[in-house]
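This report concerns only the one structure given below.
Numbering (this note's numbering), first residue to last: 24 to 398.
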């Protein structure tokens, strides 16, 4: 549906008004069709895994760049059309004449918008594939045991190992996480796009993650799309304690680390998120850190007495301005710190990027380093 709206809007508002030769318009029109229906095309020629098409990296990058250009141009054209409409109404009401220069203005503005979209999409692609910075965030927990005072937790989410994010990029993320010497490392899902046979080699660097109190993880929706059980076995063999509706106690810190399944499980007949089961039998006096790929269970987690929830999934909204829309589909949460009742929530902006829309504008990737304090 959106692809048709995107295609029609760009063709009608962007291409048709241009003053240029017909064959130039035809060429632009074909590119608009190609970019707008990119996901249909990649599924047609790249196999059934729409989220992980089996296509060369250069082709994936080109198609993603083209779609990003049209996506940005779509919103620019809508904004420009609102201005055109205002000018037209003003001229007709106050001067009672059709503005003669409006068509020339539209042509020039549309060319400018096209160039702007080309530039923004290109920069967004570069920024989207940039190395994640370490973002330090202090977290104050009233019930934090003295043994956990000053504990650092490195948070990685949404690595999306695939044809664009290979082992070398994953190794760089691992090296950066290890370099801050965290006491604990957590992985919040969507680590991969594709099967173990195809991309197990790209996640080999995860075996090098090192923290004195352990490395823990939960599955994201893309692990379910990619072969859930095979990936759970693989990640467990890499030294990561995977928590699916389960918890572990860290007696040396007086903390509980819990994790829940992703709602995507229901589409595969697998165990759905069950917070009650994840927390069953936990010591009531121990603060709970909950790992949930999506931030949406935050209210339920707060009602269950969770102290801190860590989530990803949103990629921070990817584009400044678009984050408001992304938040609406994720319980109102998109990036950074939130207070949810008596619980705190932190949503990681994503350590990697998905090949379907590998663009970031104003929302850089991150490895979060949480520093826990009592207070």
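All C-beta atoms in this analysis are idealised placements derived from N, C-alpha and C, irrespective of residue type, glycine included. Predicted, not measured: the structure shown is a model, and the values here were computed from it.
Problem set entry | Per-residue burial, residue 229 [other beta carbons within 10 Å of its own, 16 or more giving buried] | Residue environment for residue 229: buried (at least 16 other C-beta atoms within 10 angstroms of its C-beta).
Problem set entry | Contact the segment 26 to 43 vs the segment 144 to 154: 3+ CB pairs below 8 Å | Between the segment 26 to 43 and the segment 144 to 154, the count of Cβ pairs shorter than 8 Å is below three; the stretches do not touch.
Problem set entry | 7 Å CB neighbourhood of residue 339 in its chain, flanking five on each side removed | Once the five neighbours on either side are set aside, the close Cβ partners of residue 339 are 346, 357, 358, 372, 373, 386.
Exercise. In three-state DSSP terms, what is residue 315?
Worked result: It is coil, neither helix nor strand.
Exercise. Just curious, the beta strand (DSSP E) that residue 360 is in, first and last residue?
Worked result: Per DSSP, the continuous beta strand (DSSP E) segment holding residue 360 begins and ends at 359 to 363.
For this session: Using the Cα positions of residue 249 and residue 216, report the straight-line distance between them to the nearest angstrom.
Result: When rounded, the distance between both Cα atoms is 6 Å.
For this session: Starting from the Cα of residue 59, find the closest Cα among 69, 66, 75, 28 and give me that residue.
Result: Each of 69, 66, 75, 28 was checked against the Cα of residue 59, and the nearest Cα belongs to 28.
For this session: Mind the definition here: the segment 58 to 76 touches the segment 155 to 172 only if three or more C-beta pairs lie below 8 Å; say whether that holds.
Result: Judged by Cβ distances under 8 Å, the segment 58 to 76 makes no contact with the segment 155 to 172, as fewer than three pairs qualify.
For this session: Starting from the N-terminal side, write out each stretch of the alpha helix (DSSP H) that is 4 residues or longer and does not extend beyond the segment 154 to 217.
Result: Counting only runs of 4 or more, we get 190 to 202.
Exercise. For the segment 245 to 321, which segments carrying the alpha helix (DSSP H) assignment without a break, of at least 4 residues, lie completely within its bounds, in sequence order?
Worked result: The alpha helix (DSSP H) runs of length 4 or more contained entirely in the segment 245 to 321 are, from start to end of the chain, 298 to 302.
For this session: Answer with buried or exposed for residue 224, where buried requires no fewer than 16 other C-beta atoms within 10 angstroms of its C-beta.
Result: Residue 224 is exposed by the Cβ-count criterion.
Exercise. Helix, strand or coil: how does DSSP classify residue 65 here?
Worked result: In this structure, residue 65 counts as helix in the three-state DSSP scheme.
Problem set entry | Extent of the continuous beta strand (DSSP E) run through residue 370 | Run containing residue 370: 366 to 370, per the beta strand (DSSP E) assignment.
Problem set entry | Inter-residue Cα distance where the pair is residue 190 and residue 82 | Between residue 190 and residue 82, the C-alpha separation is close to 19 Å.
Exercise. What did DSSP end up calling residue 85 once you bin it into helix, strand or coil?
Worked result: DSSP places residue 85 in the helix class (H, G or I) of the three-state scheme.
Exercise. So, do the segment 376 to 384 and the segment 321 to 333 have three or more beta carbon pairs nearer to each other than 8 Å?
Worked result: Contact fails: fewer than three Cβ-Cβ distances are below 8 Å.
Exercise. Rounded to a whole number of angstroms, what is the C-alpha to C-alpha distance between residue 182 and residue 245?
Worked result: Taking the straight line from one Cα to the other gives about 11 Å.
For this session: Could you work out which residue in 132, 164, 178 is closest to residue 240 when comparing CA atoms only?
Result: Comparing Cα-Cα distances from residue 240 to each of 132, 164, 178, the minimum goes to 178.
Exercise. Can you tell which of 365, 355, 154 has its C-alpha closest to the C-alpha of residue 310?
Worked result: With respect to the C-alpha of residue 310, the residue from 365, 355, 154 having the closest C-alpha is 365.
Exercise. The alpha helix (DSSP H) spanning residue 351 covers which residue range?
Worked result: In the DSSP assignment, residue 351 falls within the unbroken alpha helix (DSSP H) covering 346 to 351.
Exercise. What residue from 395, 391, 397 has the CA that sits closest to residue 180's CA?
Worked result: Ranking the options by Cα distance to residue 180, first place goes to 391.
Problem set entry | CB-CB length for residue 282 against residue 266, believed under 8 Å | About 3 Å; that satisfies the 8 Å criterion.
Problem set entry | Cutoff 7 Å; reference residue 97; Cβ partners in own chain excluding five residues on either side | Excluding residues within five positions, the ones whose Cβ falls inside 7 Å are 29, 32, 33.
For this session: Using three-state DSSP, classify residue 376 as helix, strand or coil.
Result: In the structure shown, residue 376 falls within a coil segment according to DSSP collapsed to helix, strand and coil.
For this session: Taking only the alpha-carbon atoms, compute the straight-line gap between residue 260 and residue 342 and give it to the nearest angstrom.
Result: When rounded, the distance between both Cα atoms is 36 Å.
Exercise. From which residue to which residue does the beta strand (DSSP E) around residue 391 run?
Worked result: 389 to 397 is the span of the beta strand (DSSP E), which, as asked, contains residue 391.
Problem set entry | Separation of residue 314 from residue 352, as counted between CA atoms | Their Cα atoms are separated by approximately 19 Å.
Problem set entry | Residues bridged to residue 384 [DSSP beta-bridge criterion] | Residue 384 is bridged by DSSP to 342.
Problem set entry | For residue 196 and residue 188, the rounded distance between their alpha carbons | Taking the straight line from one Cα to the other gives about 11 Å.
Problem set entry | Outcome for residue 162 when other beta-carbon atoms lying within 10 angstroms are tallied against a minimum of 16 | By the 10 Å Cβ count, residue 162 comes out buried.
Problem set entry | Straight-line Cα distance separating residue 329 from residue 397 | When rounded, the distance between both Cα atoms is 16 Å.
Exercise. From residue 104 to residue 160, what does the alpha carbon distance come to, in whole angstroms?
Worked result: Looking at the backbone, the Cα of residue 104 and that of residue 160 are separated by about 42 Å.
For this session: For the beta strand (DSSP E) holding residue 412, just list the boundary residues, first then last.
Result: Lying outside 24 to 398, the shown extent of the chain, residue 412 is not represented and no answer is given.
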